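So the structure is just underneath, and the comments pick up after that.
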Amino acid sequence: MAVHARVAQRHPTTGESQFARDVLAGLTARPKWLAPKYFYDRAGAQLFEEITALPEYYPTRCELAILRDNAAAIARFVPDGAALIEFGSGSSKKARLLLAAASQVAAYVPVDISSEMLAAEADELRRDHPRLMVLPLETDFTKPFRLPAAVAAMPRAGFFPGSTIGNFEPHEACSFLRHAGRILGKGATLIIGVDLVKDAKLLNAAYDDAAGVTAKFNLNLLTRINRELDGTFDLDSFSHEAFYNSERRRIEMHLASKKRQKARVCGRVIDFRAGETIHTENSYKYTLESFGALARGSGWTPVAVWTDADRYFSVQALVAQDE
Ligand code: AVI
Numbered sequence: 000m001a002v003h004a005r006v007a008q009r010h011p012t013t014g015e016s017q018f019a020r021d022v023l024a025g026l027t028a029r030p031k032w033l034a035p036k037y038f039y040d041r042a043g044a045q046l047f048e049e050i051t052a053l054p055e056y057y058p059t060r061c062e063l064a065i066l067r068d069n070a071a072a073i074a075r076f077v078p079d080g081a082a083l084i085e086f087g088s089g090s091s092k093k094a095r096l097l098l099a100a101a102s103q104v105a106a107y108v109p110v111d112i113s114s115e116m117l118a119a120e121a122d123e124l125r126r127d128h129p130r131l132m133v134l135p136l137e138t139d140f141t142k143p144f145r146l147p148a149a150v151a152a153m154p155r156a157g158f159f160p161g162s163t164i165g166n167f168e169p170h171e172a173c174s175f176l177r178h179a180g181r182i183l184g185k186g187a188t189l190i191i192g193v194d195l196v197k198d199a200k201l202l203n204a205a206y207d208d209a210a211g212v213t214a215k216f217n218l219n220l221l222t223r224i225n226r227e228l229d230g231t232f233d234l235d236s237f238s239h240e241a242f243y244n245s246e247r248r249r250i251e252m253h254l255a256s257k258k259r260q261k262a263r264v265c266g267r268v269i270d271f272r273a274g275e276t277i278h279t280e281n282s283y284k285y286t287l288e289s290f291g292a293l294a295r296g297s298g299w300t301p302v303a304v305w306t307d308a309d310r311y312f313s314v315q316a317l318v319a320q321d322e
C-alpha cells in the first residue's frame with residue numbers, strides 16, 4: 000500500500016501544513032497520538048516493504064497465497080466488462096494476480112495518493128495487458144472522488160487488499176465501506192483483504208519482529224517530525240511498543256518515552272512523563288462473524304470468503320446491498 004501523506008496543504012492564515020496541525024493536535028492531546036497515515040514518507044514506505052517480507056509478518060504472505068490459490072474463483076465475482084477499482088493501489092502487485100485470472104476486466108483504475116508509483120505501474124500494466132484500459136487516479140482514496148468518464152457505463156468491482164481496513168477505527172471502517180459503496184455504485188462487488196483474530200503470540204511477534212524493522216518503522220515517524228517540523232526528538236529515548244489488546248481485538252503500536260523529557264515541534268514544547276506513550280497505530284483483527292456484521296451494517300453483503308490453511312488471513316467478496 001502507498002499512503003504517502005501529503006504535506007503540501009497549508010493553512011491559509013498560519014501557513015501550517017496539515018501534517019503540522021495534526022501532529023501538534025495529537026501531541027497536545029491526552030493520551031498523545033499520531034495518525035498512522037503519516038508513517039509513509041519515502042523511508043517509511045521502504046520500511047513497510049521490508050516488514051512485508053519479515054518471517055513474523057504473515058499478512059502479506061498469506062494474502063498473496065490466497066490470491067494465487069483462488070484467483071480463478073475470486074475472478075468469478077468480477078462481472079464481464081467490469082472496471083476494477085483498487086483503493087490504495089501501491090505497486091498493484093496483488094491486483095496483477097487478480098487481473099491475470101480475470102480477462103473479462105475491461106478497465107483497471109488504481110487509486111493512490113502517490114503519483115510516482117502510479118504512473119510507473121500503469122505503464123508496465125499497459126505493456127503486460129495491451130487490451131486492458133489502465134486509468135490511474137492520483138487522489139486520497141478515503142475522500143470522495145469521481146471515477147474516469149470512460150468507466151461510467153461499466154459494471155464495477157472494488158479491490159481493497161492488505162487489511163488496510165484494519166488500520167481504521169470500526170466507525171471509520173464503516174464510513175469507508177459506505178464511501179466505497181457510493182463510488183462503486185449499485186450491484187458492485189468489493190474484494191477485500193481482512194486480517195483475522197488469532198493467537199496473541201503470533202500477533203505480537205508480527206508487530207514486534209526480532210530484526211527490529213517494525214521498531215524502525217514506528218520510530219521513523221519521529222525522524223520525519225524532526226526533519227519536516229523542526230522537531231528535536233531524541234530517538235534513543237523512545238522505544239517501540241506493540242501488543243495485542245484482546246478486549247478490543249487490535250494490535251496497538253506506541254512510542255514510549257524512556258524518561259521524563261521535553262521535545263520541541265514547530266516551536267512548541269511537548270512534555271513527556273517517563274513511560275508516557277504516543278499511540279501511533281491500531282491494527283484491528285476480525286473474526287469472519289465480526290467482519291460480516293461490520294460489512295452488513297455498512298451496506299454490503301458478504302458472499303464468499305477465502306482463507307489460508309491456518310486461517311490467519313481472509314480475502315472476502317462483498318456485494319452492495321440494494322438501498
Ligand atoms: C498497512 N497495514 C495494514 C499494516 C498493518 O498490519 O496494520 C501496517 C503495519 N504496521 C506495523 N506493521 C505493519
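Reading the sequence shown from the start, the letters are residues 0 to 322 in numbering that gives the first Met the number 0.
Don't be surprised by glycine CBs; every beta carbon is placed ideally from N, CA and C.
This structure is a prediction, so every number in the text was calculated from the model and none was measured.
One alpha carbon belongs to ARG263, the other to ILE50, and they sit about 30 Å apart.
Counting every other CB atom within 10 Å of its CB across the protein chains shown gives THR12 a total below 16, marking it as exposed. Looking at CYS265, GLU246, LYS93, ASP235, the one whose alpha-carbon comes closest to that of SER256 is ASP235. Judged by pairs of C-beta atoms under 8 Å, the stretch 61-74 touches the stretch 295-313, as three or more such pairs exist.
Relative to the Cα of ILE191, the nearest Cα in the group HIS253, ALA105, GLN103, ALA74 belongs to ALA74. Inter-segment contact for the stretch 151-164 and the stretch 172-191 is present: three or more beta-carbon pairs are separated by less than 8 Å.
Closest by C-alpha distance to TYR39, out of LEU26, SER16, LEU220, ALA118, is LEU220. TYR206 sits close to ILE250, with the two beta carbons spaced by under 7 Å. Here the stretch 208-218 makes no contact with the stretch 162-178; the two share fewer than three CB pairs at distances below 8 Å.
Between ASN166 and GLU246 a beta carbon distance of about 19 Å is seen, past the 8 Å cut, so the two are scored as non-contacting.
Taking the C-beta atoms as reference points, ARG259 is found nearer than 7 Å to ARG272.
Every alpha helix (DSSP H) of 4 residues or more that sits fully in the stretch 21-96 is shown, in chain order, as 41-51, 57-74. In the displayed model, THR306 falls within a strand according to three-state DSSP.
Checking the 6 Å criterion, the Cβ of ILE50 is within range of a heavy atom belonging to the ligand AVI. The three-state reading of DSSP puts HIS239 in strand, counting E and B together. With a threshold of 6 Å, the Cβ atom of ASN244 does not count as near the ligand AVI, since no heavy atom of the ligand is closer than that. DSSP places GLU275 outside both helix and strand once states are collapsed to three, so it counts as coil. Shown here, ASP194 sits in a strand according to DSSP, grouped into three states. Under the DSSP definition of a beta bridge, GLN260 partners with PHE271. Using a 10 angstroms sphere on the CB of ALA316, the tally of other CB atoms reaches 16 or more, which defines it as buried.
Per DSSP, reduced to three states, the secondary structure at ASP127 is helical. In this structure, VAL104 sits near ALA81, with a CB-CB distance shorter than 7 Å. For LEU317, the uninterrupted beta strand (DSSP E) run begins and ends at 312-319, by DSSP. Per DSSP, the continuous alpha helix (DSSP H) segment holding PRO169 begins and ends at 169-183.
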